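A.B. asks:
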Amino acid sequence: MGNTTSCCVSSSPKLRRNAHSRLESYRPEAELSREDTGCNLQHISDRENIDDLNMEFNPSDHPRASTIFLSKSQTDVREKRKSLYINHHPPGQLRRKYSSCSTIFLDDSTVSQPNLKYTIKWWVLHTLVLILFRDTDGRMLLDIFDENLHPLSKSEVPPDYDKHDPEQKQIYRFVRTLFSAAQLTAECAIVTLVYLERLLTYAEIDICPANWKRIVLGAILLASKVWDDQAVWNVDYCQILKDITVEDMNELERQFLELLQFNINVPSSVYAKYYFDLRSLAEANNLSFPLEPLSRDRAYKLEAISRLCEDKYKDFRKAAKKR
Numbered sequence: 001m002g003n004t005t006s007c008c009v010s011s012s013p014k015l016r017r018n019a020h021s022r023l024e025s026y027r028p029e030a031e032l033s034r035e036d037t038g039c040n041l042q043h044i045s046d047r048e049n050i051d052d053l054n055m056e057f058n059p060s061d062h063p064r065a066s067t068i069f070l071s072k073s074q075t076d077v078r079e080k081r082k083s084l085y086i087n088h089h090p091p092g093q094l095r096r097k098y099s100s101c102s103t104i105f106l107d108d109s110t111v112s113q114p115n116l117k118y119t120i121k122w123w124v125l126h127t128l129v130l131i132l133f134r135d136t137d138g139r140m141l142l143d144i145f146d147e148n149l150h151p152l153s154k155s156e157v158p159p160d161y162d163k164h165d166p167e168q169k170q171i172y173r174f175v176r177t178l179f180s181a182a183q184l185t186a187e188c189a190i191v192t193l194v195y196l197e198r199l200l201t202y203a204e205i206d207i208c209p210a211n212w213k214r215i216v217l218g219a220i221l222l223a224s225k226v227w228d229d230q231a232v233w234n235v236d237y238c239q240i241l242k243d244i245t246v247e248d249m250n251e252l253e254r255q256f257l258e259l260l261q262f263n264i265n266v267p268s269s270v271y272a273k274y275y276f277d278l279r280s281l282a283e284a285n286n287l288s289f290p291l292e293p294l295s296r297d298r299a300y301k302l303e304a305i306s307r308l309c310e311d312k313y314k315d316f317r318k319a320a321k322k323r
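Just so we're aligned: 185 in UniProt numbering is position 185 of the sequence shown, and the numbers increase by one with no gaps anywhere.
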């Protein structure tokens with residue numbers, strides 16, 4: 001078991017570029033201060049405070065930190081709004097419908113029950129923003145996500161596969177195929193976004209033309225198992241993507257979890273933040289839900305839901321008083 005070549009030792013995710021060595025130069029014991037010796041050990045509470053401090057800047061862990069995709073898109077949102085408005089909305093037409101005293105306009109999506117069709121469209125826009133506004137400083141590229149080393153199909157990967165950004169339709173077809181075949185929900189799509197940005201933050205990598213498919217696949221695979229009650233097995237994804245092996249799917253899932261440091265928790269506040277930030281991104285790019293006037297039948301349904309929630313709240317308060 002002590003041999004490093006033992007089968008019990010799993011290989012860690014490999015980097016395409018050699019990372020800089022962090023080993024410090026040797027210093028004799030006389031030059032070592034008391035802080036460098038074991039007399040001044042770090043207390044476990046200090047470590048927890050450091051972790052909490054780092055978490056505050058991680059959007060996938062802290063609800064107040066701005067999401068990566070919204071921060072990157074804000075630099076270009078104003079110009080896109082202006083160009084889209086001029087090209088698609090002639091003068092004299094209102095861009096949005098506004099509620100009045102006689103008519104109330106509502107869409108068909110809530111944070112607890114998002115609309116699947118439009119959520120996937122927003123999801124595609126989110127991924128495209130991360131690819132287009134990625135850092136160009138030559139960050140690490142992990143082998144497990146490289147489509148040239150781990151192709152998803154038997155067709156030959158083009159030599160310039162890592163040079164051309166994918167089109168929005170290409171991302172939509174890939175994601176829509178997975179969600180339709182695996183019968184995943186819109187809530188699963190939101191959780192997938194959290195895992196995707198958590199991977200980019202923890203592993204310090206960027207999503208790019210060379211790795212976006214396998215990163216998206218790994219995030220969907222993990223989110224479907226964590227969120228849905230009837231999770232899809234890895235072998236089921238092999239039925240969707242005919243040319244991929246179960247061993248490759250297992251290794252992708254294992255290394256994805258390692259890079260996430262096995263942190264698969266998604267607080268409700270973080271989930272809500274990603275949902276509303278996704279809506280903001282969609283509205284800035286004219287991908288918001290079509291508004292419909294509130295009908296009498298729908299008003300009755302909303303009233304029934306409100307009464308049900310109110311009754312549950314009253315029962316909860318009665319039970320709390322008895323305790």
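Glycine included, C-beta positions come from ideal geometry on N, C-alpha and C.
If you're wondering where the values come from, they're calculated on a predicted model, not measured in any experiment.
With DSSP as the reference, identify every bridge partner of Met140, one or two as the case may be.
C.D. replies: Locating residue 140 in the sequence shown gives position 140, where the first residue counts as 1. Beta-bridge pairing links Met140 to Ile205.
A.B. asks: Note down the Cα distance separating Ser180 from Trp233, rounded to an integer number of angstroms.
C.D. replies: Translated into the one-based positions of the sequence shown, residue 180 becomes position 180. Translated into the one-based positions of the sequence shown, residue 233 becomes position 233. The straight-line gap from Cα to Cα measures roughly 15 Å.
A.B. asks: Using only the alpha-carbon positions, how far apart do Lys121 and Thr127 sit?
C.D. replies: On the sequence shown, position 121 is the one that residue 121 refers to. On the sequence shown, position 127 is the one that residue 127 refers to. Cα to Cα, Lys121 sits roughly 10 Å from Thr127.
A.B. asks: Rounded to a whole number of angstroms, what is the C-alpha to C-alpha distance between Lys163 and Pro209?
C.D. replies: Position 163 of the sequence shown, counted from the start, is the residue given in the question as residue 163. Position 209 of the sequence shown, counted from the start, is the residue given in the question as residue 209. Cα-Cα distance, rounded: 7 Å.
A.B. asks: What are the complete alpha helix (DSSP H) segments, minimum 4 residues, inside the region 153-210?
C.D. replies: For the region 153-210, whole alpha helix (DSSP H) runs of length 4 or above, ordered along the chain, are 168-182, 186-203.
A.B. asks: Just how far apart, CA to CA, sit Ala319 and Ala272?
C.D. replies: Residue mapping note: residue 319 aligns to position 319 of the sequence shown, counting from 1. Residue mapping note: residue 272 aligns to position 272 of the sequence shown, counting from 1. Their backbone Cα atoms lie some 28 Å apart in a straight line.
A.B. asks: For Asp311, I'd like the list of residues in its chain whose CB is within less than 6 Å of its CB, leaving aside the five on either flank, ordered along the chain.
C.D. replies: Sequence index remark: in the sequence shown, residue 311 carries index 311 (1-based). The answer is none, since no qualifying residue turns up.
A.B. asks: My guess is that Ser224 and Ala182 are in contact by the Cβ rule of under 8 Å, so how many angstroms apart are they, rounded?
C.D. replies: Taking the sequence shown and counting its residues from 1, one reaches residue 224 at position 224. Taking the sequence shown and counting its residues from 1, one reaches residue 182 at position 182. About 6 Å; that satisfies the 8 Å criterion.
A.B. asks: Decide yes or no for the touch test of the region 256-265 against the region 162-177: beta carbon pairs closer than 8 Å, at least 3 of them.
C.D. replies: Short answer: they don't touch.
A.B. asks: Where does the unbroken alpha helix (DSSP H) through Gln255 begin, and where does it stop?
C.D. replies: The residue labelled residue 255 in the question sits at position 255 within the sequence shown. Looking at the DSSP string, the run of the alpha helix (DSSP H) that includes Gln255 is 246-259.
A.B. asks: Compute the Euclidean distance between the alpha carbons of Thr192 and Arg214, then round it to the nearest angstrom.
C.D. replies: Along the sequence shown, read from residue 1 onward, the residue named residue 192 stands at position 192. Along the sequence shown, read from residue 1 onward, the residue named residue 214 stands at position 214. About 13 Å.
A.B. asks: Can you say whether Phe262 is buried or exposed, counting buried as having 16 or more other CB atoms within 10 angstroms of its CB?
C.D. replies: Along the sequence shown, one-based indexing puts residue 262 at 262. By the neighbour-count rule (16 or more Cβ atoms within 10 Å), Phe262 is not buried but exposed.
A.B. asks: Exposed or buried, Thr245, counting other C-beta atoms within 10 Å across all chains shown (16 or more means buried)?
C.D. replies: Within the sequence shown, the letter at position 245 stands for residue 245. Thr245 comes out exposed.
A.B. asks: Helix or strand or just coil, what does DSSP make of Ile215?
C.D. replies: Counted from its first residue, the sequence shown places residue 215 at position 215. In this structure, Ile215 counts as helix in the three-state DSSP scheme.
A.B. asks: Do you know how far the Cα of Tyr118 is from the Cα of Val129?
C.D. replies: Within the sequence shown, residue 129 is the residue found at index 129, counting from 1. Within the sequence shown, residue 118 is the residue found at index 118, counting from 1. Going by the C-alpha atoms only, they are around 17 Å apart.
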